[in-house]
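**Q** In the working numbering, the protein residues as written are 11 to 210. Note that the Cβ used here is the ideal one computed from N, Cα and C, for glycine as well. Sharing a structure here in C-alpha cells format.
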C-alpha cells in the first residue's frame, strides 16, 4: 500500500489507521496537478487557506514531496508587494475574482506552511530559496497592520481600541459580502510570524 512505507501505526483498532490512510488518498485524488484542492470541485482553483492546512496533514504523514512541489508552485505567484494571492487557478495564474486582493489570511498561511515544511525536512536550500518571498509576505502584513495603528483609525467607533493593531477589514470569510475585521486573518498572521521568528 502507498502509505505503509512512510507512516506506521500501532493502534488497537486497525479501522482508525485505515481511515487516516483513506483520507490521505482522498487528498491526493483531489489534487489537480500540483494544486492542492479541498475536495472534488466544479472549478479549477486552489486556495492557500485550504492548501496550508492540507499540506500540514500531508507533512505529518510523511508526504513531503507533494508539499514541496505545491509550495514551489504557489510561491511563484507571490506579488512584488508581498501579497500572497489567496486563490490560484490550477494553471498557476492568479485568480482575479471578487476579493482577490481583499483576503488577508494567505500571507500568514504561506509563511506558516513554508516553515512547517522546513521544520519537518530541515531543507535549508528550500528555505533559502523562498526567504525573500517570506520576507515580502511579512512586510505586507506589517503594512496592513499599520493601517489600524493610525491615530484616527475608526475614530467614530465606540471602543475603537479593540481594532488597534489588528489587520484591517477583509472578506477572508465567505460570509462577508462587505469587508469586515476577521480574527481568522489575525490568527494566521500571528501563526506565520511566530513560525518565522527563528529566521532572524
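#1: CB of residue 34 to nearest heavy atom of the ligand SAH: below 6 Å?
#2: Under 7 Å Cβ to Cβ from residue 54, same chain only, skipping five residues before and after it: list those, please.
#3: Report all residues from its chain with a CB closer than 6 Å to the CB of residue 179; omit the five preceding and five following residues, and keep chain order.
#4: So, helix, strand or coil for residue 111, using DSSP?
#5: Between the alpha carbons of residue 111 and residue 91, how many angstroms are there, rounded?
#6: Residues bridged to residue 196 by DSSP?
#7: Take every Cβ of the stretch 66 to 83, pair it with every Cβ of the stretch 26 to 41, and state whether three or more of those distances are shorter than 8 Å.
#8: Is DSSP giving residue 15 helix, strand or coil here?
#9: Using the Cα positions of residue 155 and residue 22, report the straight-line distance between them to the nearest angstrom.
#10: If you follow the beta strand (DSSP E) that residue 116 is part of, which residue opens it and which one closes it?
#11: Using a Cβ-Cβ cutoff of less than 7 Å, which residues in the same chain neighbour residue 58 once the five nearest sequence positions on both sides are dropped?
#12: Between residue 60 and the rest of its own chain, which residues show a CB-CB distance below 8 Å, the 5 nearest in sequence each way excluded?
#13: Quick check: residue 209 and residue 195, are their CB atoms within less than 7 Å of each other?
#14: Return the bridge partner residues of residue 180 from the DSSP annotation.
#15: Runs of 4 residues minimum, wholly inside the stretch 18 to 47: which ones carry the alpha helix (DSSP H) assignment?
#16: Going along the chain, which residues of its own chain have a beta-carbon closer than 8 Å to the beta-carbon of residue 108, five neighbours each way excluded?
**A** Let me spell this out:
#1: The ligand SAH is absent from the structure shown, which contains no ligand whatsoever.
#2: Reading the chain shown from its first residue, position 44 is the one you call residue 54. Around residue 54: 42, 99 and 100.
#3: Within the chain shown, numbered from 1, the residue matching residue 179 stands at position 169. Cβ neighbours of residue 179 beyond the five flanking positions: 189, 190 and 191.
#4: By one-based count along the chain shown, residue 111 stands at place 101. DSSP places residue 111 in coil when its eight states are reduced to three.
#5: Residue 111 sits at position 101 when you count from the first residue of the chain shown. Residue 91 sits at position 81 when you count from the first residue of the chain shown. Each residue's Cα considered, the two are about 12 Å apart.
#6: Start at 1 with the first residue of the chain shown, and residue 196 comes out as number 186. Its beta-bridge partners do not exist; DSSP assigns none.
#7: yes
#8: As a working mapping, residue 15 is identified with position 5 in the chain shown. Because the pLDDT at residue 15 is just 44, under 50, the model does not fix this residue reliably, and the point stays unresolved.
#9: The residue you call residue 155 lines up with position 145 of the chain shown. The residue you call residue 22 lines up with position 12 of the chain shown. If I take the Cα positions, the gap works out to 49 Å.
#10: Position 106 of the chain shown, counted from the first residue, corresponds to residue 116. Where residue 116 is concerned, there is no enclosing beta strand (DSSP E), although the alpha helix (DSSP H) it sits in stretches over 116 to 131.
#11: Start at 1 with the first residue of the chain shown, and residue 58 comes out as number 48. Result list for residue 58: 84, 94, 96, 116, 119 and 120, in chain order.
#12: Looking up residue 60 in the chain shown gives position 50. Cβ neighbours of residue 60 beyond the five flanking positions: 46, 47 and 48.
#13: Along the chain shown, one-based indexing puts residue 209 at 199. Along the chain shown, one-based indexing puts residue 195 at 185. Contact: no.
#14: Within the chain shown, the letter at position 170 stands for residue 180. According to DSSP, which records beta bridges pairwise, residue 180 is partnered with 190.
#15: 24 to 40
#16: As a working mapping, residue 108 is identified with position 98 in the chain shown. Excluding residues within five positions, the ones whose Cβ falls inside 8 Å are 181.
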